[in-house]
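For what it's worth, the numbering used here labels the leading residue of the sequence shown as 1, then goes sequentially.
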Amino acid sequence: PQMKRQKELKTYRDSLQKGDKVITTGGLYGKVTDVKETTVTVEIADKVLVKIDKSAVLKDTSDLTAQK
Numbered sequence: 001p002q003m004k005r006q007k008e009l010k011t012y013r014d015s016l017q018k019g020d021k022v023i024t025t026g027g028l029y030g031k032v033t034d035v036k037e038t039t040v041t042v043e044i045a046d047k048v049l050v051k052i053d054k055s056a057v058l059k060d061t062s063d064l065t066a067q068k
């Protein structure tokens, strides 16, 4: 099960696109504004951009809104 989860997470990180809403390992919620080979730029507030490694992206926040 863990290998399956890791493979799904890698596939998700590789398919990140501009406009995707994400959560980072540090707990930051934001929207992807730029995608590079190993990094993504995430807007965490109005005009506040942070550049993070793709490995720090956990998941899409659209999954959370469906649960509430």
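The beta carbon of each residue, even a glycine, is placed where N, CA and C say it ideally should be.
Just so you know, these numbers come straight off a predicted model, no measurement behind them.
Which one or two residues does DSSP pair with residue i in a beta bridge?
i, result
"glutamate 43", "Lys31, Leu49"
Just the Cα atoms here: how many angstroms apart are residue i and residue j?
i, j, result
"alanine 45", "threonine 38", "22 angstroms"
"aspartate 34", "glycine 27", "19 angstroms"
"tyrosine 29", "glutamine 2", "24 angstroms"
"lysine 36", "lysine 21", "16 angstroms"
"lysine 68", "aspartate 60", "Note that lysine 68 scores a pLDDT of 45, beneath 50, so its modelled location is shaky; the value from the coordinates is reported in the next line. So the alpha carbons of these two residues sit roughly 15 angstroms apart."
"serine 69", "lysine 47", "Beyond the ends of the chain as shown, which are 1 and 68, falls residue 69; an answer cannot be given."
"valine 50", "lysine 31", "10 angstroms"
"glycine 19", "arginine 5", "24 angstroms"
Just to confirm the assignment, what range does the alpha helix (DSSP H) spanning residue i have?
i, result
"aspartate 14", "2 to 14"
At what residues does the beta strand (DSSP E) containing residue i begin and finish?
i, result
"aspartate 60", "57 to 60"
"threonine 24", "21 to 24"
Going by C-alpha distance, which of the options is nearest residue i?
i, options, result
"threonine 24", "Thr41, Gln6, Lys4, Lys18", "Thr41"
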